[in-house]
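Each step along the sequence shown adds one to the number in the working numbering, with nothing skipped, and position 203 is 203.
One structure is given here, and the rest of the page talks about it.
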Amino acid sequence: MQAVTQFSVRLVQRYLPSAFVLAVILTAIVFVLGIVLGERTPLDMAQYWGEGFSSLFKFGMQMVLVLLTGYVLALTPVMQRLLGALTRQASTPRQALAITIVVSFVCYYLNWGFGMVAGAILAREMGRRVAVHFPLIVAAAYGGELVRGPSTSIPLVIATPGHFMEDAIGIVPVSETLYASWNIALTLALLALLVGFFMLQKQPEQIVRLEAADPAEEAPAQRGDGSFSDWLEHSRLPTLFLGLLAAVYLLGEVVKGDFSINLNTVILIFFTLGLLLHRSAAAYLGAVEKAVGAARGIIVQFPLYAGIAGMMTHADLVTQFSQAIISVASRETFPLWTFLSAGAVNFFIPSGGGQWAIQGPIMMKAAYALGADPARTIMAFTWGDGWTNQIQPFWALPLLGVAGLSARDIMGYLLIWLVISGVAIAGTFVALAAFA
């Protein structure tokens, strides 16, 4: 296993382009496929790309904010002390890996936005304090991203009255999807496999270390000329007022029973805590300045994937691919094929909700025609959507921004983890079919 992983690492480092160039390559591939398979003209494909380009602007801004507010929260004195206490529990590379994997996995399970930031920052702090190969621990932190937990959108949507496919499939409760016994067992098995895989990896002879914390990064903002405006900048009053205002709103939502964990509330919680825990407005803005640079990959590349999604949708490429999968599936094997097809499409349209809106109706209609279990089909699609995120830089961009690494630094490890996790997930659906 060690030899295979090291071969994968060397292969990826040699041939994998940057995340931006990969997005351009995928754009070119879909452009050609649309012309050849979709029988569209080059002008049609350019039109589809342009129409899709702006479709992820809102989501892209949400991703920037969840990264920025989470990063700013991590730079507060309180969080620095908590992270320090946690990282001090690890004195060896294996202990650092185990703690990072378990904490990141649990955070991803609770909410992927929270897990993305928490895992990246924990890996960053572990890399500073423990002599561990930094790309390895960052890859380990990202490995848990594939887990499907209580904030996973597709099962929640299908369990909500009035969803857009209710007339076709009805309401499927989360007790049959997310909280089915087989799905909980699969989740625990994946955690065990993730810990086992990364714990077995040996440190390379020349490890990449993250530099120790810059003292300027943790130093309080320096006061200026002593004027009223300078006093206000370094006072707690502005951030305290705004933080308490946001906290009152959040508590009111809880009291009314309207509170739910989603991307917007995660951002607001991070924002509120950051305001309350930084010493002043100047300290808060200083942390924002450090965090902004980590978001550059999201800002540039999310619109490119939106353009890819636009081309695939309007050129009917998703429909053609899904129908090809359906043609070879049976009642027993349909969830397995759904998992594989969702994973393949996800590489080009890495957005669960957007992919479900395009591919979901096709797959669910086929599931009912074949008599396949709808709940298992939904979870097969959901797992497939998360599975190939492991080698899709789109979802790793926030983590890579915080860590200061490129996709090629971690993808060699994640490529092997993709195979291991894929066998475990696919094997689960095969076993379910065999014992049905």
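Each residue gets a CB set at the ideal place from its N, CA and C atoms; glycine is no exception.
Beta-carbon separation of Met364 and Pro155 under 8 Å? no
Nearest by alpha-carbon distance to Ile158: which of Leu16, Gly143 and Ser175 is it? Ser175
Any idea if Ser444 is buried or exposed, counting beta-carbon neighbours within 10 angstroms, 16 or more meaning buried? Lying outside 1 to 436, the shown extent of the chain, residue 444 is not represented and no answer is given.
Is it buried or exposed for Ser260, if we count other Cβ within 10 angstroms and need 16 for buried? exposed
Quick one, are the C-beta atoms of Gly401 and Ala294 less than 8 Å apart? yes
Residue closest to Ala139, alpha-carbon to alpha-carbon, out of Leu194, Leu245 and Phe270: Leu194
Give the list of continuous beta strand (DSSP E) stretches no shorter than 3 residues that lie fully inside the stretch 269-327. none
Going by Cα to Cα distance, which pick from Ile326, Ile29 and Trp231 is closest to Ile362? Ile326
Can the beta-carbon of Ala439 be found less than 8 Å from the beta-carbon of Phe334? The question about residue 439 has no answer here: the residues shown for the chain are numbered 1 through 436.
Which of helix, strand or coil does DSSP assign to Ser54? coil
Going by DSSP in three states, Asn111 sits in which element: helix, strand or coil? coil
Need the endpoints of the alpha helix (DSSP H) that Met79 sits in, please. Pro77 to Thr87
On a CA-only basis, which of Leu277, Pro161, Leu186 and Gln2 is nearest Gly149? Give me that one, please. Leu186
Apart from the five residues on each side of it in sequence, which residues of its chain come closer than 6 Å, Cβ to Cβ, to Phe270? Thr69, Gly70 and Leu73
Counting Cβ pairs closer than 8 Å, one from the stretch 304-317 and one from the stretch 39-50, do we hit at least three? yes
Determine, using beta carbons only, whether Gly144 and Phe105 come nearer to each other than 8 Å. yes
Cβ contact check for the stretch 247-254 and the stretch 291-311: 3 or more pairs under 8 Å: no
Supposed contact pair Ala375 and Val172 - C-beta distance, whole angstroms, cut 8 Å: 5 Å
In the structure shown, what three-state DSSP assignment does Met411 receive? helix
Range covered by the alpha helix (DSSP H) that runs through Leu11: Gln2 to Tyr15
Please determine, among Leu33, Ala28, Thr377 and Ala19, the residue with the shortest C-alpha to C-alpha distance to Phe321. Leu33
By how many angstroms is the C-alpha of Gly50 removed from the C-alpha of Trp231? 49 Å
Buried versus exposed, by CB contacts within 10 Å (16 or more), Glu125: buried
What residue range is occupied by the uninterrupted alpha helix (DSSP H) comprising Ser153? Ser153 to Ile158
Around the Cβ of Asn264, are there at least 16 other Cβ atoms within 10 angstroms (buried) or fewer (exposed)? exposed
Coarse secondary structure for Leu37, derived from DSSP in three states: coil
Span of the alpha helix (DSSP H), counted from its first residue to its last, around Glu233: Phe228 to Glu233
Please report the straight-line C-alpha distance between Thr239 and His278, rounded to a whole angstrom. 8 Å
Taking 8 Å as the cut-off, decide whether the C-beta atoms of Met411 and Val30 are in contact. no
Is Leu122 near Val103, with beta carbons less than 8 Å apart? yes
Three-state secondary structure assigned by DSSP to Asp258: coil
If you drop the 5 nearest sequence neighbours on each side, which residues of the same chain put their C-beta closer than 8 Å to that of Thr462? As displayed, the chain neither begins before 1 nor continues past 436, which places residue 462 out of reach and without an answer.
DSSP three-state label for Leu397, please. helix
Around the C-beta of Val441, are 16 or more other C-beta atoms found within 10 angstroms, so that it is buried, or is it exposed? Since the first residue of the chain shown is 1 and the last is 436, residue 441 is not available in this structure.
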